[in-house]
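Here is the structure we will look at, set down as structure tokens.
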Amino acid sequence: MNGVGNANAGVGRAASQVHRFLNEVWRLQPLYVSLYAILLSFVVGGVLISIIGVNPFTAYWALLRGMVGGGDQIAGSVARSVPFIGSALALAFAFRAGLFNIGAEGQLLAGGVTAAFVGALSWMSDLPGIVAIPLILIAGTMGGAIWGGIPGVLRAKTGAHEVISTIMLNSLVLFGVRWMVNSRDPVVLRDTDSTVPRTDPISETAVLPELVDSQPTLHVGLFALVGICFVVAFLLNRTTFGFEVGTVGLNPHASHYAGINVNRVIVASMAVSGSFAGLAAASEISGTNGFFQPGTFFLMGFDGIAIALLARTNPVAIIAAALLWGSMLSGAPLMQQEADVSIDVVRIIQAMVLLFVAADAIVRYLFRVRELDQSPFKATSIEGAV
Amino acid sequence: MAQVGNGTARPVLEVEGITKTFPGVVANDNVSLTLNQGEIHCLLGENGAGKSTLMNMVFGLYRPDSGTIRVRGEEVHFEDSGEAIARGIGMVHQHFQLIPVFSVAENIILGNEITKGAFLDLDTARRQVDALADRYGLAVDPDAIVGDLSVGEQQRVELVKALFRDADILILDEPTAVLTPGEVDDFFEVVESLTGQDKSIIFITHKLREVLAVADRITVLRAGQVVGTTTAETATQQSLANLMVGRDVVFRVEKAEPDPGKSVIRVEDLRVTDDRGVETVSGFDVEVRAGEIFGIAGVEGNGQRELVETICGMRPAIGGRVEMLGQDTTGWSPRKIHELGVAHVPENRSKHGVVAQYSIADNLVLNRYNHRKFSQRGVRNTAAINAEAKELVERFDVRTPGVEAAIHTLSGGNQQKVIVARELTGDLRALVVAQPTRGLDVGSIEFIHRKIIELRDQGVAVLLVSAELDEILSLSDRIGVLYRGRLAGTVEATEATREELGLLMATGAQS
Amino acid sequence: MRKRLLLLLAALLSLALVTAGCGNDDDSGAAPAPTEASAPEPTEAPAPTEAPAPEAASGALITLDEECAAWDGIQAPDGFRVNMVTDIGKVDDGTFNQFAYEGMVGAAECFGIEDTSVIETASEADYDANLNTSASESPDVLITVGFLLGTDTMLAAEENPGINYIGIDQFHLEYPANYVGVLFNEHEGGFIAGALAASLSESGVVGVVAGREDVPPVVKFVNGYEAGAKYINPNIQVLSVYNESFTDPAKGASDAQQFIGDGADVIFGAGGPTGSGGVKAAAEAGAWGIGVDQDEYYTTFNGGSAPGSEYLASSAIKRVDLSVFRNIAAAIEGTFAGGVFVLTAENLGITYAPFHDAAVNAEAAASVEQVRAGLADGSITTGVCGIDGLFIGEGSLCD
Amino acid sequence: MTTVENAAGIAGTSSQARLDRQSVTGLVFGFLGVALIVGVAPAISSSSRRFNFEPPPDPAGIGFDPPTWVTAIGVLFLLTAALGFAPPAARVWASPARLLSALAVIPLVLVLSLALSDNPSTNIVNLFNESLVLATPLALGSMTGLWCERSGIINIGIEGTMLAGAGIGYMTYATIGDAQSTGWLWFSILISVLAGGLVAALLAVLSIRFGVNQIVGGVVINLFALGLTGFLRSEVIVKSGITTGVGTSEFGLPLLSKIPVIGDQVFRGQPIYWLMYVVVIGTWVVMYRTPWGLRVRSCGENPHAAETLGVNVVRIRYQSVILGGLIAGLAGAWFSMESQARFEDNMTNAAGFIALAALIFGKWTPWGAFGGALLFGFSRALGTRLQFLGVEVSGFEIPSEFLQALPFVVTLVVVAGAVGRSIPPAAAGQPFQRSK
């Protein structure tokens, strides 16, 4: 760290050369801050790694190979990232409506368990894949939408703050699915043939086609979730619904004045937001797991918050942020295996990335990056801005 | 202290060569000003002329780029308003700087708390507040919650706040904007009595009549520069107005005789509660006909906001009915009412009128984004929106670099023009307009007034709510006074006098 | 389907018997290299009647050093590699992750294995990727910890026939030749703890602070505990609480306080740090505590330096380390063979810890040892299903 | 977050045709009353049950007959319902009756659960006592939130702050100290507190100095604390070999703990538990009775007005956020040095988020937030109690997962049903730029 401070001038000079190149050749100016934030975070992580007596370059080399060291690693990293896209979109979409949906964790579970239930229905195996696959995805999406919609309804009808209600609903659904999947008396969703508490396996016909036989499996769900990002971008920027969501998020009073039904937008945004988490869960159930186990989505919702914030709630940038996040988690095991550095370090690096991207003033100072535009992280108060 | 009469040339505050720039704007350009002991010095200028900026520097809220400020001959460089307060400067801001959830006493002592040991001593504070109130004739209840007070009472709290801090240089920023004519007179008495007790006062306003009534000396600011200093004896309304605006100003709004048609807006026995559940409109009746402007005068806080919001569908009524174009629209959504051909220029520009972060184009279609013209099958037609926006920007003379600029980059007047442009376009049958020119410069005011009259001449029923009595008087065909949620009386504009309206506003009773 | 399970259970239990024999061999210290669980020629099994000496209440708890001595003469070849993938958690978290790790480290020291590495799993979504990463080093033995990894371990074992997989707590109907599923008769451990609790209790009320109910070993411990307590004192009242998390010692402590408030004077903790929290709170409050999995005298009570260690009566031991150790040894020896490897009271995989500082009266000590021996020789059965931990006759898989 | 709060305001004003909360409550009580008298009371066992006030053997207590009590509470509910629709003169009694009925839910649940259990008695003093103990970190955490949000800074990093306090405090105790002696224990608790303050200072710098969205700041803190404490645990605490030690010890309050029967249960406790009361009362006193508290509240309501009176908004916000952090650090010490002297990864188990919920539940007031923490602590302790009493409803034992979910259900129901909209400090979440 101190090296960075002292060499600020040098870094600044070098950085401006890099800027010119990036700027003129690739027009990547908006990315500077993010790139430097990542760099800085790895430096901080490297210091920690050195403290425990490991050569940071060895560790990072292993991490890098774990992330992108070969076709299998790349596919695995991408596959690990796919569900994060959904959980991050869940936060990002609600955020546009001025709602803080920290319930993706629960919406994933609700979507996953619904998808697994529908996927394992006996008549699913009679359906062709072209019907069964959309059906299981829709089921999961609906599950997520309903679980996301509840806090929306509570917010609209009773004013209950969505931060409380989503925290409570996260726990409720977790206990609910644990019971459903574990209980033998009565049997709710448990696969009674398994000693592991999980649901019955879904029908073969409902399994999403595999793209690469990596660990975890990279499946067609990738296209669904990446596609959804572009759909959401279009939805938010080009449709009347997106306009309503954005208006409610920026100024609910003006929305009310302009004839927008604010309550309906709140409920719809929460439901749509939950549906993304539900879709992500369904695609995991269908493409990777083949059954539902309550622990599968552990922390995916909370990581989604960080990813969405890292991407500044921009739906397309979420793809990149999720890839970064997922591949770091995916690469961490190799770092531990080869360098004996635990995943905690990756967690610290991730927090740092988010920190430096958010507090871009630090990065701008260190690397002499000009302020391009108002950072979306700077909360603007409506009154203050006018 | 010796009694010092008006005009004694002993300066207590000298401002010399002050310049202050904000990004893109020179707010004050080499401004100089002297305040003498015991005088009332009026600072006159249009909105945006730089009056408040200058005073915020004197009060330590802003720091000047260059120039000096001297208090009683001593040069000062305030880091914050605490230092200004310590020098005996007090300021009553145009937008009251009060904390609504606090009691009066808490608001008054905040920052200069009275303590007993480590704890707040609210008893002593109450006694001191009462004493101040008695001494200056400013009745306030120390235990009342400020959010529950009327604006007039809130202003008294602001004054007591300054006096509590032993201020002897008082800066009053547009203090009369929220008062009835009668209250204004009372207020002037208070101000006079303050100068009698050794206080020196800077009085910021853009109302010429008041300047002439109260000022000893007058300094006129225009576009950040001092364009003249004069005394009340030598100045006339016309001369001051010309100085202030920089050209000849026509006071009267030209308009033809009204030609009222059939009833368009009819409100019967309307009852509405405010956000806290207090009934603020209680049994209001009015009828506005096509082709007339019905002005509603009244002190703010008498139910204007709730009335307008209910008529336009933004707030549910708890009783009575609203009828528009022969249909019972009580309980309709804002959208349904809008689609009936009812436009609404909202009172609170930043809260309701615009979405600050949106572009001018998006704000221009804020309540029409779903019309076929601007969206097809749920997809917005950006080209059509921008084309419409360009046309409106031109027609309404909005000064902007482009329609895609965020609206918060515009001045208040131009933002209001955007709202007016949005609302006054299309097939209108009725227009509900609240405080349409608040905070605007003379040019914008004239423009908006013209537009409203144009609409009325086209046969639109206009309900105008304004706290500016001059605006009501010059635009309206008929005038109603809103007092405690009821219509206290209706007069024909041609027969209305300031005095009569003032009395109605203050007491709800006709003389 | 249930019939099929029952058949397999029968197979499983018969295998368990065999393993049991091996266990006793170790105990007697006379055996050469113990034969592996799954090379079943029943005749090889020495007579299980050779019960441990009565005074050896703690003698049933063999150390890894003693185990190592029993495997005297075996050395790992150069380049022999053992890898491990934990369940969610870490190798120092005081749960089966740690005990498995200790077994691996012990084996590495004993047999001179130089190449080991561990991956700690942070999320269930990482199971298959971690197994794959670990397998990429081509280890000779790969230990996977936890029943949730069972499915992925099975796939990995089929894909990598050259790697010997040791799966802790993993039960399947069939195993490939390179995959051993290690199971534990936790219900027996719970039964021993329950018997001890009932023997110690004066109030006639005992409690158990448990982990999550959807984790079968936890249920096996809890129900075994209840059965054991009632075996000693049919009128005893057993209070039990499942918790939502394994890492909430504060909640465990609060549970124990509630038990004590209702008269419990012995508390068994069966749920990782949450359970330990209950045991420690009980001991500090002057009620008896009984630990789980490993000897909590050394972990929760820091070798006796933590307060209340005189109230830690014992711990229900589940020798994860031993199972790992023995299977690694088998792999080195070349006798590794797929199948179920059950640790039971019979083969000393399930036992109880020494009393250490606790003044357990002779009567209680004798009765707990009697119960252990009874479970070991089959004269006592727990009445709890070894698969799902439910009581037999109440809808368990064993019915 | 500004916009979020605004959305709530709109949501309320425009929702029309809503039955008012009071008549809904009345209807619910009426329905419950009928159900209790007609349905429940005859169905439950009439064998006598007992509430004990102290642990066995021979506890003091009161015996009762469940159907009678259930009927009595049912009648109370019916009366409450009737008062809601009574002539205006009688309605003055409606509000106290509703409160009484709401409180009667607690004995109702206890009576019912004991009646449905095969255990004839349970120690209710202990139940309430454990509720308070479980509420300790939540109450402290909600005071953290209170100080931050009352000064205008939203803090969703309470969880991370607590965790950092817990981890760093125990690390100090185990490495620099000996994990044994009282002196080191108190030193380490102090370090916990300071660590909490330090983490909060990070949030303060991010949100005040850099104008970072306060929610992002909180997320960063949560992530960072999780990684850092995990790292420290593995690399420092475990390697030190001292994974457990001597925690704080109980003491009885003078005189009070000598009260017969309950004194020794209710008025005995550990130091951080007692400090919790000090913090709650202290928060209330300082916030409402001192000049500084007045200034803090003014910064959360209208910082610009405060600035015009010479209040240094930036400094006040730093001070309150850091003070909040110190309190969260103390809550962390509760986990790692009071409840148990040990540290586990993520051992705070979302207590920070629950504390946030308690704060909103309590409408940003000290006593309200404390009440929210109590409610959560009570339903958590009750969930445990119902589990081990073996409550069976028509032959089926309630699954443990349902009872574990109890606190979350109760909070959700209360927030959505009874508390409704709570209005946060007006300026919470808004960055403050000093005038220049």
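Protein chains in written order, with my numbering: chain A, 13 to 398; chain B, 922 to 1432; chain C, 12 to 410; chain D, 5 to 440.
Virtual Cβ for every residue (Gly too), placed ideally from N, Cα, C.
Note that the structure is predicted; figures quoted are calculated from it, not measured.
For residue i, which three-state DSSP category applies?
i: S1395/B; result: helix
i: Y253/C; result: strand
i: L1265/B; result: Looking at the sequence itself, residue 1265/B is His, so the reference to Leu does not match. It is a strand residue.
i: P111/D; result: helix
Buried or exposed, going by whether 16 or more other CB atoms sit within 10 Å of the CB of residue i?
i: C33/C; result: Reliability of the predicted coordinates at C33/C is poor, the pLDDT of 41 falling under 50, and the value obtained from them is presented with this limitation in mind. Under this definition C33/C is a buried residue.
i: V1314/B; result: buried
i: F255/D; result: exposed
i: F182/C; result: buried
i: D1190/B; result: exposed
i: G110/A; result: buried
i: N246/C; result: exposed
i: F242/A; result: exposed
i: G399/D; result: exposed
i: N113/A; result: buried
i: S99/A; result: buried
In terms of alpha-carbon separation, which member of the options lies closest to residue i?
i: A178/D; options: A430/D, M166/D, T165/D and S192/D; result: S192/D
i: A1355/B; options: F1368/B, A1388/B and R1343/B; result: A1388/B
i: H1/C; options: G397/C, D410/C, I403/C and A206/C; result: Any answer about residue 1/C is impossible in this case: the structure gives chain C only from 12 up to 410.
i: I97/A; options: V56/A, P228/A and G290/A; result: G290/A
i: G381/D; options: V418/D, F271/D, V282/D and L142/D; result: L142/D
i: S251/C; options: F279/C, N244/C and Y242/C; result: F279/C
i: G1167/B; options: E1268/B, S973/B and G966/B; result: G966/B
i: P307/D; options: E153/D, A205/D, I402/D and Q408/D; result: E153/D
i: R1192/B; options: A1430/B, S1114/B and L1408/B; result: L1408/B
i: A1156/B; options: Q1076/B, A1134/B and G1219/B; result: A1134/B
Indicate whether at least one CB of chain A lies closer than 8 Å to the CB of residue i.
i: V413/D; result: yes
i: D151/C; result: no
i: L398/C; result: With the sequence shown as reference, residue 398/C is identified as Ile, and Leu is not the correct amino acid for it. Output row for I398/C: interface = yes.
Using DSSP bridges, identify the partner residues of residue i.
i: M165/C; result: DSSP output for M165/C lists no bridge partner at all.
i: Q248/C; result: V216/C
Using a Cβ-Cβ distance cut-off of 8 Å, determine whether residue i contacts chain B.
i: H268/A; result: yes
i: F253/A; result: yes
i: L262/A; result: yes
From the beta carbon of residue i, is the nearest beta carbon of chain C less than 8 Å away?
i: L360/D; result: no
i: N67/A; result: no
Counting only beta-carbon atoms, is residue i nearer than 8 Å to chain D?
i: R380/A; result: no
i: L1287/B; result: no
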